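Enquirer: Here it is, the structure in full.
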Amino acid sequence: MNFYFFDNRENKVREEILLNRGNLYGDGFFTTGIVKDGKILHQNRHFERLQNTATKFQFADYNEDLLIQFLLDSLKDIDEACIRITISRQQAGRGYQYNQLSKSDVTVQLSHRPEAPVEPCHLVLSETPVSVNAFLAGSKHLNRLDSVLASRQIKSDNQEVVLFHEDNVIGGSRSNLFVLDNKQWKTPSLEMAGVEGITRQRIIELMQQNGIPVSIEPITLQKIQDVEAAFITNSLLGIWPVSKIADKCLETIHVENLKSDINFVV
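Okay, structure coming up:
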């Protein structure tokens, strides 16, 4: 494994171009989180995500111990930052085919931690259909063109785009979605597309621990426009209440009550 470290908070950009399969074909995966006092918040969940994806995508030289040591050395003096860890396969020869013994490039990027949104979120429906692949579903792989194209619809800081396939909602372009339907919280099934977010996992577990009904199931476009409340999540946003889905306005009090009930902190 080769390691690269970029601290974008200092506005220093390395000019070298990594000619690897991540850049050429999206052959890789990543995780994004928050560094606090030299450690990644919920780091065990991030490491578990990376290890599981490395195994699934056959990154034979991925070594969690080496990564942990590299991060300990690189982050020890960092008070607070946003971090992205990207694992991509090195290119050998040309073409799509890869050698299962190919080495990996690990790129660690730091940036300023974004401020928490002040206003509630307004969800707009994507004009870009989401790609469906049951094998890739759940993984945070580098092929994020669906989200890139959908995000062009975001016109203000308080907007997010809802991705869907046919009539089934997947989630936001950068987030997972929860809705309150008939007094029960629900989050879309991700069997065919989408990313199983770390914060999504945490919230489901906290709800279950506190006796709050929650289910993972298919959710239709019609359903999300007829719910009592909604919020989106990711590792940087935490829980972001939704005040509007398309043209339908929602109350955010249910979301605020939930955050209190499960004692949620980013």
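Residue numbers for the sequence shown follow the working numbering, beginning at 1264 and rising by one. Cβ coordinates follow ideal geometry from the N, Cα and C atoms, glycine included. In this text, all values refer to a predicted model and were calculated from it rather than measured experimentally.
Does DSSP classify SER1478 as helix, strand or coil?
Expert: Residue state, collapsed to three classes: strand.
Enquirer: Going straight from the alpha carbon of GLN1321 to that of GLN1363, what length do you get?
Expert: Looking at the two C-alpha atoms, the distance is approximately 7 Å.
Enquirer: Looking only at C-alpha atoms, which of ALA1344, LEU1388 and ILE1350 sits nearest to GLU1378?
Expert: Nearest option by C-alpha distance: ALA1344.
Enquirer: So the candidates are THR1349, ILE1348 and LYS1302; which of them puts its Cα closest to the Cα of ASP1340?
Expert: Checked all of THR1349, ILE1348 and LYS1302; the closest Cα to ASP1340 is LYS1302.
Enquirer: Based on Cα-Cα distance, which residue from PHE1269, GLU1514, ILE1479 and CYS1512 lies nearest to GLN1372?
Expert: Ranking PHE1269, GLU1514, ILE1479 and CYS1512 by Cα distance to GLN1372 puts PHE1269 first.
Enquirer: Can you tell me whether GLN1360 is buried or exposed, with buried defined as 16 or more other CB within 10 angstroms of its CB?
Expert: Exposed, because fewer than 16 other Cβ atoms sit within 10 Å of the Cβ of GLN1360.
Enquirer: Less than 8 Å separating the beta-carbons of ARG1352 and ARG1407?
Expert: Result no, Cβ atoms of ARG1352 and ARG1407 do not sit closer than 8 Å.
Enquirer: What would DSSP say about LYS1449, mapped onto helix, strand or coil?
Expert: Three-state DSSP puts LYS1449 in a strand.
Enquirer: Quick one: using the 10 Å Cβ neighbour count with 16 as the cut-off for buried, is TYR1325 buried or exposed?
Expert: The residue is buried, with at least 16 neighbouring Cβ atoms inside 10 Å.
Enquirer: Are there three or more Cβ pairs, one per stretch, closer than 8 Å when the region 1327–1342 is compared with the region 1440–1447?
Expert: Result no; under three Cβ-Cβ pairs closer than 8 Å.
Enquirer: Would you say ASP1430 and LEU1388 are within 8 Å of each other, going by their C-beta atoms?
Expert: The answer is no: Cβ separation not under 8 Å.
Enquirer: Any chance you could list the beta strand (DSSP E) runs of at least 3 consecutive residues sitting entirely within the region 1451–1529, in chain order?
Expert: Segments of the beta strand (DSSP E) lying fully in the region 1451–1529: 1477–1480, 1492–1497 and 1501–1508.
Enquirer: Nearest CA to the CA of LEU1386: which residue from SER1414, LYS1403 and LEU1313?
Expert: Ranking the options by Cα distance to LEU1386, first place goes to SER1414.
Enquirer: List the whole-angstrom C-beta distance separating ARG1312 from LYS1403, where the pair is believed to meet the contact cut-off of C-beta under 8 Å.
Expert: So it is a contact: roughly 7 Å between Cβ atoms.
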